[in-house]
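Undergrad: The structure follows.
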Ligand SMILES: [Mg+2]
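In the numbering used here, the protein residues as written are 567 to 758.
This is how it looks when you write it as structure tokens:
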């Protein structure tokens, strides 16, 4: 998965403290279900969810960052304990700068995962720009790394696993997850 990755890319990954995810086409496959009342439903992947829980346990911050605004995104973020949700963003580049300032991190410490042209300003500013495998060509072209999995089909999990393994945090995050779920009576496995 990442053994063939360039050394310069691994060095960028080693510095990452914040993971920022576009929602449609990254956390989902881009499909939108809209009912007759105009309410939206989105489909998320449970393995991505568990990956985000592990990222949090390893000490990374997780942000959902969407041009659209949807209550289901907020709900999903609450279940997973996502640190911050920014939705209904008109100017993603400007909002990304605001996010970095408010989280008191440098761009080098931020990874942005996106799929479409609206993400380009953020990907140009982020220390690590990652495209999902089925992203628009312009997005893949400027990315430091492209996942082998597509949006909503494990790309987020692949990124989390890659970052945590390169940072040497994966095994301990998984162990901690197991020991926590075994020591508590409630079913934390449902958290993903
Ligand atoms: Mg998108």
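For every residue, glycine included, the Cβ atom is placed at its ideal position computed from N, Cα and C.
1) When every heavy atom of ligand 1 is checked, does at least one fall within less than 6 Å of the C-beta of residue 591?
2) Could you check if residue 681 belongs to the surroundings of ligand 1, using beta carbon to heavy atom distance under 6 Å?
3) Can you tell me whether residue 588 sits near ligand 1, meaning its C-beta is under 6 Å from at least one heavy atom of the ligand?
4) Within the chosen definition, does the stretch 680-698 reach the stretch 603-610 through at least 3 CB pairs nearer than 8 Å?
5) Measure the alpha-carbon distance for residue 656 versus residue 638 and round it to whole angstroms.
6) What does a CB cutoff of less than 7 Å around residue 717 pick up in its chain, not counting 5 residues either side in sequence?
7) Is it the case that the Cβ atoms of residue 614 and residue 722 are separated by a distance below 7 Å?
8) At what residues does the alpha helix (DSSP H) containing residue 658 begin and finish?
9) Is residue 665 near residue 646, with beta carbons less than 7 Å apart?
10) Would you call the CB atoms of residue 650 and residue 629 closer than 7 Å?
11) Spatial neighbours of residue 737 within its chain, please: C-beta separation below 7 Å, excluding the five flanking residues on both sides.
12) Assuming residue 620 is part of the alpha helix (DSSP H), what are its boundary residues?
TA: In this structure, then:
1) Working through the chain shown from its first residue, we reach residue 591 at position 25. The answer is yes for residue 591.
2) In the chain shown, residue 681 corresponds to position 115, counting from 1. Checking every heavy atom of ligand 1 against the Cβ of residue 681, one is found closer than 6 Å.
3) Indexing the chain shown from 1 puts residue 588 at position 22. Residue 588: yes, Cβ under 6 Å from ligand 1.
4) no
5) Against the chain shown, residue 656 aligns to sequence position 90. Against the chain shown, residue 638 aligns to sequence position 72. Roughly 19 Å separates the two Cα atoms.
6) Locating residue 717 in the chain shown gives position 151, where the first residue counts as 1. 591, 592, 594, 595, 596, 681, 698, 700.
7) In the chain shown, the residue the question calls residue 614 occupies position 48. In the chain shown, the residue the question calls residue 722 occupies position 156. Yes, Cβ-Cβ distance for residue 614 and residue 722 is below 7 Å.
8) Here residue 658 corresponds to residue number 92 of the chain shown, with the count starting at 1. Counting along the chain, the alpha helix (DSSP H) containing residue 658 begins and ends at 658-669.
9) The residue you call residue 665 lines up with position 99 of the chain shown. The residue you call residue 646 lines up with position 80 of the chain shown. No, these two residues do not count as a Cβ contact at 7 Å.
10) Residue mapping note: residue 650 aligns to position 84 of the chain shown, counting from 1. Residue mapping note: residue 629 aligns to position 63 of the chain shown, counting from 1. Result yes, Cβ atoms of residue 650 and residue 629 sit closer than 7 Å.
11) Here residue 737 is taken as the residue at index 171 of the chain shown, counted from 1. Excluding positions up to five away in sequence, the list is empty.
12) Reading the chain shown from its first residue, position 54 is the one you call residue 620. First-last of the alpha helix (DSSP H) with residue 620: 612-623.
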